[in-house]
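Counting with my numbering, you get residues -15 to 321 for the letters of the sequence shown.
Beneath this line is the structure, given in structure tokens, with notes to follow.
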Amino acid sequence: MAPGAGRGHARGDGRTMSVPTVEEVLTIGQGGLRVAPLGVGTWAWGERRLWGYGVEYGEEDLAAAVRTSLDAGVTLFDTAEFYGRGESERLLGRSLRRAGRHAVIATKFFPWPWRRFEPRAIRRAVAGSLRRLGTERIDLYQIHFPLPIFSIAGLMDALADVVADGKVRAVGVSNYTAEQTRRAQEALARRGVPLASNQVQYSLLWRRPEVDGVLAACREIGVTLIAYSPLAQGLLTGKYGPAARPGGWRRAFPSFSAANLGRAMPVVELLRGIGADHGGKTPGQVALNWLIRQPGVLPIPGAKNERQAASNAGALGWSLTDAEVAALDRVTQSWRQ
Ligand SMILES: NC(=O)c1ccc[n+]([C@@H]2O[C@H](COP(=O)([O-])OP(=O)(O)OC[C@H]3O[C@@H](n4cnc5c(N)ncnc54)[C@H](OP(=O)(O)O)[C@@H]3O)[C@@H](O)[C@H]2O)c1
């Protein structure tokens, strides 16, 4: 289903909003994939140890998250062969079959150094992902991260091959620097394939792409910046704080230390205030809207259930004012390095 093709949808707070309008449809790079300027991340799907899959949430929750997202016009789902050792791809494939609707599937090649010395391992990896997803073609196939033992030219050649095979529609990279992105784009261009995207960490609490040249390079060469961890792994939703730290692995992360949570609280408070001025938008919705508003940026917040999917989709269909953006810019200056 093309985003923008009809129907109102639930916002998660009982009210309805219209689906994204045509102006809110984004084309990923020059690869022709058209999606709402928001996707769904599925790292947590099937990840027991890291995210609590099977304990806090299960397959039914994920199927509901998929249905709710599609209802909201959010059709892009980002997975990876690495997530849950293939379980994320399996769960996404099953949920999409149950929903019975068209979606745009992005997955990633994990360049294991000990198993995959050659770029041609990509053909085998694509076959595995297709099998787990239960589909005949992957819409966006990305290299998960750069690894020095693989030459960029060799990897891009292998990506162009799977496009030529008809197994992949568009190709992207992830965690690439500005210079690596340019080199990838040039190598693909020699084979007549556009580089569609570079997926990097980007949020109000991680603004490095603005200063390390990645955002500027993507814009200059027409590559979409897919923003991962756009909610700073839940911190920007406002549910965590010095007195409410998450359990599990996040507790050990510097960004979830009591000190850093304290440092982030003025940002969360500003998000809360701005959200109130927009009829009760949540801090997370405001944080996502800040990314959506930027040309060529596409956030993919992770969602574990229907409630989170509906809430995240509520970042669409409205816009922060310039003054609000300026205020958010000021309060997050120290997150720009
Ligand atoms: N390419 C890469 O190297 C790379 C790296 C990381 C991520 N990614 C991709 O980016 C996606 C998103 O990043 P992420 O999962 O790291 O972080 P995120 O999107 O910033 O945060 C996701 C987490 O925040 C919480 N959350 C989400 N929506 C919420 C809501 N509406 N209300 C309350 N809590 C909410 C959930 O965790 P809790 O409920 O447990 O708090 C959820 O798992 C991933 O799923 C993956 O597809 C890619």
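Here a beta-carbon is modelled for each residue, glycine too, at the ideal position from N, C-alpha and C.
Being a predicted model, the structure only gives us computed values, none of them experimental.
1. Would you tell me roughly how many angstroms separate the C-alpha atoms of V309 and R108, rounded to the nearest one?
2. For V147, collect the residues of the same chain with a Cβ closer than 6 Å to its Cβ; drop the 5 residues on either side in sequence, then sort them by chain order.
3. May I ask you to report which of helix, strand or coil DSSP gives D149?
4. I'd like to confirm the pairing. Which residues does DSSP put opposite R104 in its beta bridges?
5. If we ignore side chains and look at the alpha-carbon of each, how far apart do N182 and L209 end up?
6. If you run the structure through DSSP and keep just helix, strand and coil, what is N182?
7. Counting only the same chain and skipping the five closest in sequence on each side, list residues whose C-beta sits under 6 Å from that of V195.
8. Leaving out five residues before and five after R18 in sequence, what residues of the same chain have Cβ atoms less than 6 Å from its Cβ?
9. Please tell me whether, using a cut-off of 8 Å, the distance from the CB of D62 to the nearest non-hydrogen atom of ligand 1 is below it.
10. State the DSSP-derived secondary structure class of L60, mapped to helix, strand or coil.
11. Measuring only from the beta carbon, is Q185 closer than 8 Å to any heavy atom that is part of ligand 1?
12. Please work out which residues of its chain come closer than 6 Å, Cβ to Cβ, to W27, disregarding the five sequence neighbours upstream and downstream, and give them in chain order.
13. So is E290 buried or exposed if we call it buried at 16+ other beta carbons inside 10 Å?
14. Taking the alpha carbon of L22 as the point to measure from, which residue in W274, V315, T305 has its own alpha carbon closest?
15. Does the Cβ of A200 have 16 or more other Cβ atoms within 10 Å, making it buried, or fewer, making it exposed?
16. Per DSSP, K349 forms a beta bridge with which residues?
17. Nearest CA to the CA of H128: which residue from R74, D62, W302?
18. With burial defined as no fewer than 16 other Cβ atoms inside 10 Å of the residue's Cβ, what is the status of L282: buried or exposed?
On the basis of the supplied data:
1. For V309 and R108, the distance between alpha carbons rounds to 45 Å.
2. Within the same chain, V147 has close Cβ partners V177.
3. Reduced to three states, the DSSP call for D149 is coil.
4. According to DSSP, R104 bridges with nothing at all.
5. Straight-line Cα distance between these residues: approximately 5 Å.
6. Here N182 carries a strand assignment [DSSP, helix/strand/coil].
7. Exclusion of the five residues before and after V195 leaves R320 as the residues of its chain whose Cβ lies within less than 6 Å of its Cβ.
8. Cβ within range, chain order: V9, T11.
9. For ligand 1, at least one heavy atom lies less than 8 Å from the Cβ of D62.
10. Looking at L60 - three-state DSSP - the assignment turns out to be strand.
11. Yes; taking the cut-off as 8 Å, the Cβ of Q185 has a heavy atom of ligand 1 nearer than that.
12. Annotation for W27: Y67, G286 place their beta carbon closer than 6 Å to its own, counting only its chain and skipping 5 residues before and after.
13. Result: buried.
14. Out of W274, V315, T305, W274 has the C-alpha closest to the C-alpha of L22.
15. With fewer than 16 other Cβ atoms within 10 Å, it is exposed.
16. Here the chain covers residues -15 to 321 and nothing more, so residue 349 does not appear.
17. Considering only alpha carbons, the answer is D62.
18. Answer is buried; the Cβ neighbour count reaches 16.
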